[in-house]
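A.B. asks: Sharing a structure here in structure tokens format.
Protein chains in written order, with the numbering used here: chain A, 32 to 251; chain B, 11 to 541.
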């Protein structure tokens, strides 16, 4: 059975790296490097001209960086599958590459077998992440990066929390000051600081907030 | 003979003058004989005064109006010298033909006074020496200085009056000008923003402007006649005022010069002395300026300069330290591994082909180690991620890395950062603040856990790093705020933000940095005041 040949373009700004990659990939009988590019712009041009099955793309390149190349080629040459080659194992990069249409993400310090595997998987239209990257790690990262885990109440100082509680009970600055043994000017400063932090503008806002947080009990 | 010399009331004076005027018969205008000049003709009556024609020439040369009127004869015998025409525009004849013209032409405001003074002359025989404004034919106001006397007959009856009137208009307008100029100088004196004093060489205050009240709490009148030592206690003015020969000579004290207010409080002043010669006496002008505000500003500037100096010294130290660390890393770690790699490859090249596999496998291991070291070194210097993906991914990465290195668990909470990019300097500052604060936690707090909160609200990016560790007394670091704190403070203030640190021994540390993410952040003045 005649083996289908997978055509490849290499994009990396270091000649010596391209040389190493070419030697490594061409030692496989089903892979053939049909072109090379030394920067992002050249990579886009060569892929458009040569229409390879796979582009092995360095993430960090001068001029147009890898992510920009990725975005452009997804529109201009959608039939080419892209394997990202990167120094960074950080999930932010992996996520960014994948969400911009990369098929595989390979670390530069992983084994040669890993790169060959990634090229074959990408050529077959499947996703590949080189270890220790994993979909689970990516998901965990996405979870951590989700906003709204911060409760503004936590940003209040202990003093500001005391003032908030007393203010929610309807006490004046003078009463709060007497209670806490501070000057009423300081009480006023705490009150305005905490309202600013919680994005509250009126006394009614403050009471609504306190009810919602259970700082003061609901009536009835 | 002499009448009792008591003052004459205004009403009385006017009625007397009316009777007097009625005593002079009016010469009809149709009279063909012009009134002759009394002094040119020798009269039948040998007791009559005579003025020789020789004297008439002399009289008419005098640059003043000479006049004479008999009180026991008709108007025709009166005399007024011809200069009157040049001054007032009425001819000699016009004056003599109309005995009440004098009264009519006197300025309305001076009429009452004239009535009283003239009546005193006529009835009491008191010499008249006064000034009046007289309206000239063309409406001009002419100032006259008048001197007149009444002469009595041998039997004591009033005989005639004579006198001289000088045109003093020029003198009067010069006086007016002088008064205006004095008012202007007084205005300048009073409106000067500084306290201006005129003092004698003995230190006695001769004059002082109203500013003294605002500056020292004394009224000007309280101080006149007092010694300058009441205001400037050191006595420096006194010792230096005698040598003051140049204007604007600044007073130099042994230390700072202080003014003393009425309530005893002191404030810093600048004093300049200028010599002042008034007639024979030589005085000194002292200008006292309250420089409290300048002192405060200077203090702030000195403080700022000191902080900048400390910071730049710190910057150089840090730079050197960083360089040493990189050099060390390159030499000790990367260099050693490279040497090992080279040796491995050299050994491998001398082995038979069948045994090369092991060598290559060792070499590959060394290369991987090298790559990891180089990558870490690069990230430690500056994570490229910050430029590529912004603050949140970089903080997530850094915290993970930090925990792995220090075993300090970080509770990271954030809002408003997801998919959010800020200006590069804001992202850098925020990242460095978190990095520095966490480094401090690991180094000083002695805890296993810290909390980092980062959130945005309106135009502010807030960063809070909190630990429940040992804490420190703020006072103890305030003087030598050289560690990471100065760097963090500088990073936040140049971005129009501020850094607050809340810490005390035993109750942990809470650091809050607020950065402005608006395109236009606080002005430089605001930045200065933040310190």
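Where a beta carbon is used, it is the ideal one built from N, C-alpha and C, also for glycine. Everything numeric in this text was worked out from a predicted model, so none of it was measured.
Going by beta carbon distance, what residues of the same chain come within less than 7 Å of residue 445 of chain B, once the five residues before and after it are set aside?
C.D. replies: Numbered from 1 along the second chain, position 435 holds the residue referred to as residue 445 of chain B. Cβ neighbours of residue 445 of chain B beyond the five flanking positions: 408.
A.B. asks: Using a Cβ-Cβ cutoff of less than 7 Å, which residues in the same chain neighbour residue 225 of chain A once the five nearest sequence positions on both sides are dropped?
C.D. replies: Here residue 225 of chain A refers to the residue found at position 194 when the first chain is read from its first residue. Contacts found: 187, 191, 194 and 195.
A.B. asks: Short of 6 Å in beta carbon distance, which residues of its chain neighbour residue 147 of chain B, apart from the five on each side in sequence? Order them along the chain.
C.D. replies: As a working note, residue 147 of chain B is residue 137 in the second chain. If we look at residue 147 of chain B and ignore the five residues flanking it on each side, its Cβ neighbours are 99 and 100.
A.B. asks: Span of the alpha helix (DSSP H) holding residue 232 of chain B?
C.D. replies: Residue numbering aside, residue 232 of chain B sits at position 222 when the second chain is read from its first letter. 230 to 233 is the span of the alpha helix (DSSP H), which, as asked, contains residue 232 of chain B.
A.B. asks: Any idea what DSSP makes of residue 216 of chain B, helix, strand or coil?
C.D. replies: What you label residue 216 of chain B is simply residue 206 of the second chain in a count that begins at 1. Here residue 216 of chain B sits in strand by DSSP.
A.B. asks: Once the 5 residues before and after residue 520 of chain B are set aside, which same chain residues still bring their CB inside 6 Å of it?
C.D. replies: Here residue 520 of chain B corresponds to residue number 510 of the second chain, with the count starting at 1. Answer for residue 520 of chain B: 476 and 512, listed in chain order.
A.B. asks: Identify the residues that DSSP records as bridge partners of residue 299 of chain B: which are they?
C.D. replies: Stepping through the second chain from its first residue, residue 299 of chain B is reached at position 289. DSSP lists B:280 as partners of residue 299 of chain B.
A.B. asks: Consider the Cβ of residue 203 of chain B: report whether some Cβ of chain A lies at a distance smaller than 8 Å.
C.D. replies: In the second chain, the residue the question calls residue 203 of chain B occupies position 193. Residue 203 of chain B does not count as touching chain A.
A.B. asks: Just the Cα atoms here: how many angstroms apart are residue 108 of chain B and residue 180 of chain B?
C.D. replies: As a position in the second chain, residue 108 of chain B is number 98, starting the count at 1. As a position in the second chain, residue 180 of chain B is number 170, starting the count at 1. Taking the straight line from one Cα to the other gives about 28 Å.
A.B. asks: Is the segment 450 to 460 of chain B touching the segment 417 to 424 of chain B in the sense that three or more CB pairs, one from each, lie closer than 8 Å?
C.D. replies: yes
A.B. asks: Indicate whether at least one CB of chain A lies closer than 8 Å to the CB of residue 403 of chain B.
C.D. replies: Within the second chain, the letter at position 393 stands for residue 403 of chain B. Yes, residue 403 of chain B lies at the interface with chain A (some Cβ there is under 8 Å from its Cβ).
A.B. asks: Using DSSP's beta-bridge definition, name the partner residues of residue 477 of chain B.
C.D. replies: By 1-based counting over the second chain, the position of residue 477 of chain B is 467. According to DSSP, which records beta bridges pairwise, residue 477 of chain B is partnered with B:460 and B:519.
A.B. asks: What residues in the segment 226 to 251 of chain A have a beta carbon less than 7 Å from any beta carbon of chain C?
C.D. replies: Given the protein chain composition of this structure (A and B), no chain C is represented.
A.B. asks: With a threshold of 8 Å, are at least 3 pairs of Cβ atoms found where one atom belongs to the segment 204 to 217 of chain B and the other to the segment 235 to 243 of chain B?
C.D. replies: yes
A.B. asks: For a quick check, are the C-beta atoms of residue 204 of chain A and residue 189 of chain A less than 8 Å apart?
C.D. replies: Start at 1 with the first residue of the first chain, and residue 204 of chain A comes out as number 173. Start at 1 with the first residue of the first chain, and residue 189 of chain A comes out as number 158. In this structure, residue 189 of chain A does not lie closer than 8 Å to residue 204 of chain A by Cβ.
A.B. asks: Under 8 Å between the Cβ atoms of residue 97 of chain B and residue 75 of chain B?
C.D. replies: In the second chain, residue 97 of chain B corresponds to position 87, counting from 1. In the second chain, residue 75 of chain B corresponds to position 65, counting from 1. Yes, these two residues count as a Cβ contact at 8 Å.
A.B. asks: In the DSSP assignment, what are the bridge partners of residue 466 of chain B?
C.D. replies: Within the second chain, residue 466 of chain B is the residue found at index 456, counting from 1. For residue 466 of chain B, which the question treats as bridged, DSSP gives the partners B:471.
A.B. asks: Based on the DSSP secondary-structure assignment, which residues constitute the bridge partners of residue 78 of chain B?
C.D. replies: Within the second chain, numbered from 1, the residue matching residue 78 of chain B stands at position 68. Residue 78 of chain B pairs with B:89 and B:172.
A.B. asks: Suppose you measure from the CA of residue 235 of chain A to the CA of residue 185 of chain A; what does that come to, to the nearest Å?
C.D. replies: Within the first chain, numbered from 1, the residue matching residue 235 of chain A stands at position 204. Within the first chain, numbered from 1, the residue matching residue 185 of chain A stands at position 154. Those two C-alpha atoms are separated by around 21 Å.
A.B. asks: Measuring alpha carbon to alpha carbon, tell me which of B:374, B:209 and B:225 ends up nearest residue 292 of chain B.
C.D. replies: As a working mapping, residue 292 of chain B is identified with position 282 in the second chain. Between residue 292 of chain B and the set B:374, B:209 and B:225, the nearest pair of CA atoms involves B:209.
A.B. asks: With C-beta atoms as the reference, is residue 161 of chain A less than 8 Å away from residue 138 of chain A?
C.D. replies: On the first chain, position 130 is the one that residue 161 of chain A refers to. On the first chain, position 107 is the one that residue 138 of chain A refers to. Taking 8 Å as the Cβ cut-off, residue 161 of chain A and residue 138 of chain A qualify as a contacting pair.
A.B. asks: Which residues, in order along the segment 402 to 430 of chain B, keep a beta-carbon less than 7 Å from a beta-carbon of chain A?
C.D. replies: 402, 403, 406, 407, 423, 424, 425, 426, 427 and 428
A.B. asks: Checking the sheet assignment: what are the DSSP bridge partners for residue 373 of chain B?
C.D. replies: Taking the second chain and counting its residues from 1, one reaches residue 373 of chain B at position 363. According to DSSP, which records beta bridges pairwise, residue 373 of chain B is partnered with nothing at all.
A.B. asks: Beta strand (DSSP E) containing residue 184 of chain A: first to last residue?
C.D. replies: Translated into the one-based positions of the first chain, residue 184 of chain A becomes position 153. Residue 184 of chain A -> no beta strand (DSSP E), and no H or E assigned at all.
A.B. asks: Is there a Cβ from chain A that is less than 8 Å from the Cβ of residue 392 of chain B?
C.D. replies: Residue 392 of chain B sits at position 382 when you count from the first residue of the second chain. Answer no: the Cβ-Cβ gap between residue 392 of chain B and chain A never drops below 8 Å.
A.B. asks: Short of 8 Å Cβ to Cβ, which residues in the segment 175 to 201 of chain A face chain B?
C.D. replies: 175, 176, 177, 178, 179, 180, 181, 182, 183, 185, 186 and 188
A.B. asks: Determine, using beta carbons only, whether residue 50 of chain A and residue 82 of chain A come nearer to each other than 8 Å.
C.D. replies: Position 19 of the first chain, counting from 1, holds the residue named residue 50 of chain A. Position 51 of the first chain, counting from 1, holds the residue named residue 82 of chain A. Cβ distance not < 8 Å, so residue 50 of chain A and residue 82 of chain A don't count as in contact.
A.B. asks: If you pair each beta-carbon of the segment 113 to 133 of chain A with each one of the segment 377 to 397 of chain B, do three or more pairs fall below 8 Å?
C.D. replies: yes
A.B. asks: From residue 64 of chain A to residue 98 of chain A, what distance separates their C-alpha atoms?
C.D. replies: Looking up residue 64 of chain A in the first chain gives position 33. Looking up residue 98 of chain A in the first chain gives position 67. One C-alpha to the other measures close to 22 Å.
A.B. asks: Against residue 226 of chain B, what residues of chain A qualify as contacts under a CB-to-CB distance less than 7 Å, listed in chain order?
C.D. replies: If you number the second chain from 1, residue 226 of chain B lands on position 216. Result: empty, since nearest Cβ-Cβ is about 31 Å, beyond 7 Å.
A.B. asks: Going by CA-CA distance only, name the one from A:68, A:39, A:70 and A:44 that's closest to residue 55 of chain A.
C.D. replies: Locating residue 55 of chain A in the first chain gives position 24, counting from the first residue. Nearest option by C-alpha distance: A:39.
A.B. asks: Starting from the C-beta of residue 139 of chain B, find all residues in its chain whose C-beta is less than 6 Å away, skip the five residues before and the five after it, and write them out in chain order.
C.D. replies: For the purposes of this step, residue 139 of chain B is identified with residue 129 of the second chain, where counting begins at 1. Closer than 6 Å at the Cβ level, and outside the excluded window around residue 139 of chain B, lie 157.
A.B. asks: Assuming residue 501 of chain B is part of the alpha helix (DSSP H), what are its boundary residues?
C.D. replies: Here residue 501 of chain B refers to the residue found at position 491 of the second chain. 494 to 504 is the span of the alpha helix (DSSP H), which, as asked, contains residue 501 of chain B.
A.B. asks: Which residues of the segment 120 to 141 of chain A have a Cβ closer than 7 Å to any Cβ of chain B? Give them in chain order.
C.D. replies: 121, 123, 127, 139 and 140
A.B. asks: Scan the segment 102 to 118 of chain A for residues whose Cβ lies nearer than 8 Å to a Cβ of chain B and list them as they occur along the chain.
C.D. replies: 118
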